[in-house]
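Same order as they appear, the protein sequences are chains A and B.
Residues 0 to 199, numbered by numbering that gives the first Met the number 0, are exactly what the first sequence covers, in order.
Residues 0 to 199, numbered by numbering that gives the first Met the number 0, are exactly what the second sequence covers, in order.
No residue lacks a Cβ here, since even glycine has one placed at the ideal position from N, Cα and C.
Note that the coordinates shown come from a computational prediction; the quantities given were computed from them, not determined experimentally.
Everything on this sheet refers to the single structure shown next.
2 protein chains.
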Amino acid sequence: MAAVLPKAVRELTQELTSLPGVGAKTAQRLALHILRQQRVATNRLAEAIATLHDRVQTCSVCFSLADDAVCSICKDTSRNKTTLCIVEDALDIEAIERTNFYTGVYHVLGGLLSPIAGIGADQLTLKELISRAEKESISEVIIALEHSMEGEATTRHIMSYIKNLNIPVTRLARGLPTGGDIEFADALTLNAAFSGRTKV
Amino acid sequence: MAAVLPKAVRELTQELTSLPGVGAKTAQRLALHILRQQRVATNRLAEAIATLHDRVQTCSVCFSLADDAVCSICKDTSRNKTTLCIVEDALDIEAIERTNFYTGVYHVLGGLLSPIAGIGADQLTLKELISRAEKESISEVIIALEHSMEGEATTRHIMSYIKNLNIPVTRLARGLPTGGDIEFADALTLNAAFSGRTKV
Chain A
0 MAAVLPKAVR ELTQELTSLP GVGAKTAQRL ALHILRQQRV ATNRLAEAIA TLHDRVQTCS
60 VCFSLADDAV CSICKDTSRN KTTLCIVEDA LDIEAIERTN FYTGVYHVLG GLLSPIAGIG
120 ADQLTLKELI SRAEKESISE VIIALEHSME GEATTRHIMS YIKNLNIPVT RLARGLPTGG
180 DIEFADALTL NAAFSGRTKV
Chain B
0 MAAVLPKAVR ELTQELTSLP GVGAKTAQRL ALHILRQQRV ATNRLAEAIA TLHDRVQTCS
60 VCFSLADDAV CSICKDTSRN KTTLCIVEDA LDIEAIERTN FYTGVYHVLG GLLSPIAGIG
120 ADQLTLKELI SRAEKESISE VIIALEHSME GEATTRHIMS YIKNLNIPVT RLARGLPTGG
180 DIEFADALTL NAAFSGRTKV
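Next up, the structure:
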């Protein structure tokens, strides 16, 4: 079969399929939608993508994404700099900030240790974390990593360094999510919820 | 809550949410993915979007999408120009071409009549269709529009013009899709399959 759609549409479709969760059919539909949009909307989208890398920096303190050399949270003098929350990426910070109760600062690891995915300690900001824990006067480290094999391995790795520094380290509680039906909870979550049960 | 993610990421997220089927969460995930891509991949995507409008034309014969003023199918001298298949858009042509058995040419309406969506006869290429049916020597018109309220209305509208031209008009058969379980067929499809039943 000869190509029916124009080359420009096929090329854009090809590029779009590299995005997560976008298959061939979805990519084609998106390409056609972009073609039917007003030119001004299409240009805004192209511009936002083209300038993304140049406009986004990595915070030199916490390694989150930032507009400038230091991110808005690290710059904020009202934040409690003695509490350090360790997260995997910038989206985790967004989720925690949305709750509006955490007033400390963050450290972004940039991933989790995973021998299968080939992610070792060198690819994460672990050295920088240890250096912060040593130099800054930190009174509590909160590990906010997911409860998975990779999360556990990364937590153990962090602990092996921090335990010598005499800083209290906590980890986010495991248990049933709010509104989560017990019927649908997996065995590991139920197990954790039972062992961590609290007095009424 | 202060904005956590950089402005460039938020702006791209905003643009991406205008795409069909892309919600706020998906847009954020896509934006982060684009940021983590190599610069060269990001530039290719931005370029493909930015140049789309300029590179794609509307075929002056059948009104499909084209690389040039006339699309590859209308240019193809081996196609049977006496059979005209009416479709809604270019993606329909792609689906039909994929089957490799249709050798005629097409006419793209650009939509279906829909009073609810505010799409009237003027927004479709109906005048151009009538003009083609009158001027070109066409021996059969095949209406390949979906079996929906809009599809029926558009078909009736087309018929009201073409019936005076003495050209045989057919419509794609209604019935059960291949492999489609009868258990899951809707009442209208089953009804059509029963009335259109064929001798074994």
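Flag glycine 110 (chain A) as yes when its Cβ comes closer than 7 Å to any non-hydrogen atom of the ligand NAP, and as no otherwise.
-> The ligand content of the structure shown is nil, which means the ligand NAP is not present either.
Where the region 32-58 of chain A meets chain B: residues whose CB sits under 9 Å from a CB there | His32, Ile33, Leu34, Gln36, Arg38, Ala40, Thr41, Asn42, Arg43, Leu44, Ala45, Glu46, Ala47, Ile48, Ala49, Thr50, Leu51, His52, Asp53, Arg54, Val55, Gln56
Compare the beta carbon distance of leucine 11 (chain B) and alanine 30 (chain B) with 8 Å and say whether it is the shorter of the two.
-> The residue you call residue 11 (chain B) lines up with position 12 of the second sequence. The residue you call residue 30 (chain B) lines up with position 31 of the second sequence. Their beta carbons are under 8 Å apart, which means leucine 11 (chain B) touches alanine 30 (chain B) by this criterion.
Can you give the Cα-Cα distance for alanine 172 (chain B) and phenylalanine 183 (chain B), rounded to whole angstroms?
-> Walking along the second sequence from the start, residue 172 (chain B) turns up at place 173. Walking along the second sequence from the start, residue 183 (chain B) turns up at place 184. One C-alpha to the other measures close to 19 Å.
Does DSSP put proline 170 (chain A) in a helix, a strand or coil?
-> Reading the first sequence from its first residue, position 171 is the one you call residue 170 (chain A). The amino acid at residue 170 (chain A) is misidentified as proline; the sequence shows arginine. Three-state DSSP puts arginine 170 (chain A) in a strand.
Is it buried or exposed for glutamine 27 (chain A), if we count other Cβ within 10 angstroms and need 16 for buried?
-> Position 28 of the first sequence, counted from the start, is the residue given in the question as residue 27 (chain A). Glutamine 27 (chain A) should be labelled buried.
What residue does the beta strand (DSSP E) around glutamate 139 (chain A) start on, and which one ends it?
-> Start at 1 with the first residue of the first sequence, and residue 139 (chain A) comes out as number 140. Run containing glutamate 139 (chain A): 139-142, per the beta strand (DSSP E) assignment.
By the criterion of Cβ-Cβ separation under 9 Å, what are the contact partners of glycine 20 (chain B) in chain A?
-> Here residue 20 (chain B) refers to the residue found at position 21 of the second sequence. Chain A residues near glycine 20 (chain B): Thr25, Arg28, Leu29.
State yes or no: is the beta carbon of serine 113 (chain A) nearer than 8 Å to at least one beta carbon in chain B?
-> For the purposes of this step, residue 113 (chain A) is taken as residue 114 along the first sequence, with counting starting at 1. Serine 113 (chain A) does not count as touching chain B.
Could you tell me the distance, in whole angstroms, from the CA atom of threonine 16 (chain A) to the CA atom of aspartate 91 (chain A)?
-> Here residue 16 (chain A) corresponds to residue number 17 of the first sequence, with the count starting at 1. Here residue 91 (chain A) corresponds to residue number 92 of the first sequence, with the count starting at 1. Approximately 26 Å, taken between the alpha carbons.
Listed in chain order, which residues of the region 71-97 of chain A have Cβ atoms closer than 8 Å to some Cβ of chain B?
-> Ser71, Ile72, Asp75, Asp88, Ala89, Leu90, Ile92, Glu93, Glu96, Arg97
Between B:Ile161, B:Arg170, B:Ala132, B:Tyr160, which lies nearest to leucine 144 (chain B) when the distance is taken from Cα to Cα?
-> Position 145 of the second sequence holds residue 144 (chain B). Cα-wise, what sits closest to leucine 144 (chain B) is B:Arg170.
If you drop the 5 nearest sequence neighbours on each side, which residues of the same chain put their C-beta closer than 6 Å to that of valine 60 (chain A)?
-> Residue mapping note: residue 60 (chain A) aligns to position 61 of the first sequence, counting from 1. These residues qualify, in order along the chain: Val69, Cys73.
Amino acids of chain A, ordered along the chain, whose beta-carbon sits closer than 8 Å to that of alanine 65 (chain B) | Taking the second sequence and counting its residues from 1, one reaches residue 65 (chain B) at position 66. Those within 8 Å of alanine 65 (chain B) in chain A are Pro5.
Are the C-beta atoms of glutamate 14 (chain B) and some chain A residue less than 8 Å apart?
-> Reading the second sequence from its first residue, position 15 is the one you call residue 14 (chain B). Chain A, which has a Cβ nearer than 8 Å to the Cβ of glutamate 14 (chain B), makes this yes.
Shorter than 8 Å from the beta carbon of glutamate 10 (chain A) to some beta carbon of chain E?
-> Protein chains A and B are contained in the structure displayed, whereas chain E is not.
Answer with buried or exposed for proline 167 (chain B), where buried requires no fewer than 16 other C-beta atoms within 10 angstroms of its C-beta.
-> Locating residue 167 (chain B) in the second sequence gives position 168, counting from the first residue. By the 10 Å Cβ count, proline 167 (chain B) comes out exposed.
On the three-state DSSP scale, how would you describe cysteine 84 (chain A)?
-> Working through the first sequence from its first residue, we reach residue 84 (chain A) at position 85. If DSSP states are grouped into helix, strand and coil, cysteine 84 (chain A) belongs with the strands.
Assigned secondary structure, asparagine 99 (chain B) (DSSP; H/G/I helix, E/B strand, else coil) | Numbered from 1 along the second sequence, position 100 holds the residue referred to as residue 99 (chain B). Here asparagine 99 (chain B) sits in coil by DSSP.
Check the Cβ of serine 147 (chain A) against every Cβ in chain B and list those closer than 8 Å, keeping chain order.
-> Residue mapping note: residue 147 (chain A) aligns to position 148 of the first sequence, counting from 1. Near serine 147 (chain A) there are no residues of chain B at all, since even the closest Cβ is about 18 Å away, more than 8 Å.
Find out if the Cβ-Cβ distance for the pair isoleucine 137 (chain A), isoleucine 85 (chain A) is shorter than 8 Å.
-> Along the first sequence, one-based indexing puts residue 137 (chain A) at 138. Along the first sequence, one-based indexing puts residue 85 (chain A) at 86. No, the Cβ-Cβ distance between isoleucine 137 (chain A) and isoleucine 85 (chain A) is not below 8 Å.
Within this structure, are the beta carbons of isoleucine 48 (chain B) and threonine 41 (chain A) separated by less than 8 Å?
-> Looking up residue 48 (chain B) in the second sequence gives position 49. Looking up residue 41 (chain A) in the first sequence gives position 42. Going by C-beta atoms, isoleucine 48 (chain B) is nearer than 8 Å to threonine 41 (chain A).
Can you round the beta-carbon distance between valine 8 (chain B) and serine 63 (chain B) to whole angstroms, since I take them to be within the 8 Å contact cut?
-> As a first step, residue 8 (chain B) must be located in the second sequence, where it is residue number 9. As a first step, residue 63 (chain B) must be located in the second sequence, where it is residue number 64. So it is not a contact: roughly 37 Å between Cβ atoms.
What number of angstroms, rounded off, separates the C-alpha of arginine 121 (chain B) from the C-alpha of aspartate 53 (chain A)?
-> Within the second sequence, residue 121 (chain B) is the residue found at index 122, counting from 1. Within the first sequence, residue 53 (chain A) is the residue found at index 54, counting from 1. A quick correction: the sequence has aspartate, not arginine, at residue 121 (chain B). Between aspartate 121 (chain B) and aspartate 53 (chain A), the C-alpha separation is close to 45 Å.
Beta carbon of leucine 125 (chain B), beta carbon of glycine 150 (chain B): below 8 Å?
-> Sequence index remark: in the second sequence, residue 125 (chain B) carries index 126 (1-based). Sequence index remark: in the second sequence, residue 150 (chain B) carries index 151 (1-based). Not closer than 8 Å, so no.
Can you give me the start and stop residues for the alpha helix (DSSP H) that valine 39 (chain B) sits inside?
-> Along the second sequence, read from residue 1 onward, the residue named residue 39 (chain B) stands at position 40. Looking at the DSSP string, the run of the alpha helix (DSSP H) that includes valine 39 (chain B) is 38-49.
Give the secondary structure of histidine 32 (chain A) by DSSP, where H, G and I count as helix, E and B as strand, and everything else as coil.
-> For the purposes of this step, residue 32 (chain A) is taken as the residue at position 33 of the first sequence. Of the three classes helix, strand and coil, the one that applies to histidine 32 (chain A) here is helix, per DSSP.
Buried/exposed call for isoleucine 181 (chain A), threshold 16 Cβ in 10 Å | For the purposes of this step, residue 181 (chain A) is taken as the residue at position 182 of the first sequence. Flag for isoleucine 181 (chain A) reads exposed.
Terminal residues of the continuous alpha helix (DSSP H) containing histidine 156 (chain B)?
-> Position 157 of the second sequence, counting from 1, holds the residue named residue 156 (chain B). Unbroken alpha helix (DSSP H) run through histidine 156 (chain B): 148-161.
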